[in-house]
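Asker: This is the structure, below, for whatever I ask next.
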Amino acid sequence: EDSPNEIRETIPVLLSEDPMMRPTIGIIKKKLKPLISGQKKTVMDAMVAMVEEYTQRLERELSEKTEDLQREKNKCLLRMMLPESVADALKNGKNVNAESFEIVTVFFSDCPGFTELSTSSKPMEIVTFLNDLYTVFDNIIEGFDVYKVETIADSYMCVSGLPIPNGQNHAGEIASLGLAMLEAVKSFKIRHRSDEPVRLRIGVNSGPCVAGVIGLKMPRYCLFGDTVNTA
Numbered sequence: 001e002d003s004p005n006e007i008r009e010t011i012p013v014l015l016s017e018d019p020m021m022r023p024t025i026g027i028i029k030k031k032l033k034p035l036i037s038g039q040k041k042t043v044m045d046a047m048v049a050m051v052e053e054y055t056q057r058l059e060r061e062l063s064e065k066t067e068d069l070q071r072e073k074n075k076c077l078l079r080m081m082l083p084e085s086v087a088d089a090l091k092n093g094k095n096v097n098a099e100s101f102e103i104v105t106v107f108f109s110d111c112p113g114f115t116e117l118s119t120s121s122k123p124m125e126i127v128t129f130l131n132d133l134y135t136v137f138d139n140i141i142e143g144f145d146v147y148k149v150e151t152i153a154d155s156y157m158c159v160s161g162l163p164i165p166n167g168q169n170h171a172g173e174i175a176s177l178g179l180a181m182l183e184a185v186k187s188f189k190i191r192h193r194s195d196e197p198v199r200l201r202i203g204v205n206s207g208p209c210v211a212g213v214i215g216l217k218m219p220r221y222c223l224f225g226d227t228v229n230t231a
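Numbering (the UniProt record's numbering), first residue to last: 1 to 231.
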């Protein structure tokens, strides 16, 4: 209670959980200047020095935390674009060469009538529809040994058996995934056409293929071969 008003007003702000609310050391010095004006080295000088050191330490810790968070975000983004094993190899500076796989199962799906729906809907309505539908599909795919390759408009492409081979399980995984998706669209509602059912068409094919990362700025994991074309 005997502390000067300047100190009582400054300390709570320094302890704010929001770093944007904490004053800079320059502001603190200006606020406490009346207390130390005309004096030699005093307790107030020591206090200002302690506050400055504390502020600098907080800034260093904040910078380190921000860098760690950014690295983790970059890692998560890379793993969303590429298979985890491929993303980790690239992150570690390793070359990722194209691989040939003897047997995989490729899955394609699309929505018959999508062109008609697109021409009679607003662009944002189509974006919302596809986002809702693919959110459902993405949640389903988490339960299977299947890698989502890409989506283009209403086409959804995925594969089982790569980049980590799974023996003879690839066909069963894809078949089970397809059945789960067909079941899910039965109860799916298009927001702006709630009375219109969603139809899903699925193509599946098993065989050899080649997979590799294409591009540097926006790398994509692409599949090549007759197996993909036939599916």
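Glycine included, C-beta positions come from ideal geometry on N, C-alpha and C.
Taking only runs of the beta strand (DSSP E) that begin and end inside the UniProt domain "Guanylate cyclase" (105-231), which ones reach a length of at least 3 residues, in chain order?
Answerer: 147-152, 155-160, 201-214 and 220-224
Asker: Whose C-beta lies closer than 6 angstroms to the C-beta of N166 among residues of the same chain, with five residues either side of it excluded?
Answerer: D145
Asker: Roughly how far, in whole angstroms, is the beta-carbon of L162 from the beta-carbon of V198, given that I think they are within contact range, below 8 angstroms?
Answerer: In fact, because the Cβ distance is near 29 angstroms, the residues do not count as touching under 8 angstroms.
Asker: Tell me the rounded alpha-carbon separation between I174 and Y54.
Answerer: Each residue's alpha carbon lies about 57 angstroms from the other.
Asker: Between I140 and A184, is the Cβ-Cβ spacing less than 8 angstroms?
Answerer: In contact: I140 and A184 (Cβ atoms closer than 8 angstroms).
Asker: Rank C158, I214 and L62 by C-alpha distance to the C-alpha of L177 and give the top, closest one.
Answerer: C158
Asker: Figure out for me which residue from K186, L179, L130 and L182 has the closest Cα to the Cα of D154.
Answerer: L130
Asker: Roughly how many angstroms lie between the CA atoms of V228 and Q168, to the nearest whole one?
Answerer: 18 angstroms
Asker: Does the separation of the CB atoms of G203 and A180 fall below 8 angstroms?
Answerer: No, the pair does not count as a contact, with Cβ atoms beyond the cut-off.
Asker: Mark L223 as exposed unless 16 or more other C-beta atoms lie within 10 angstroms of its C-beta, in which case mark it buried.
Answerer: buried
Asker: Who pairs with E61 in a beta bridge, going by DSSP?
Answerer: DSSP, once it has assigned bridges, lists no residue as partnering E61.
Asker: Measure the alpha-carbon distance for S109 versus K186 and round it to whole angstroms.
Answerer: 15 angstroms
Asker: Could you give the distance in angstroms between the alpha-carbon of P219 and the alpha-carbon of L82?
Answerer: 8 angstroms
Asker: Look at V213 and V106 and say whether their C-beta atoms are less than 8 angstroms apart.
Answerer: no
Asker: To the nearest angstrom, how far is the alpha carbon of A211 from that of K91?
Answerer: 19 angstroms
Asker: Looking at K122 and D138, is the spacing between their C-beta atoms short of 8 angstroms?
Answerer: no
Asker: Pull up the distance between the alpha-carbon of R22 and that of G215, whole angstroms please.
Answerer: 44 angstroms
Asker: Just to check my reading of the structure: Y134 and T115 have Cβ atoms closer than 8 angstroms, yes? What is that Cβ distance to the nearest angstrom?
Answerer: Incorrect: roughly 18 angstroms between the Cβ atoms, too far for contact.
Asker: Do P208 and E102 count as a contact pair if the criterion is CB distance below 8 angstroms?
Answerer: yes
Asker: In angstroms with no decimal places, state the Cα-to-Cα distance between V96 and L69.
Answerer: 26 angstroms
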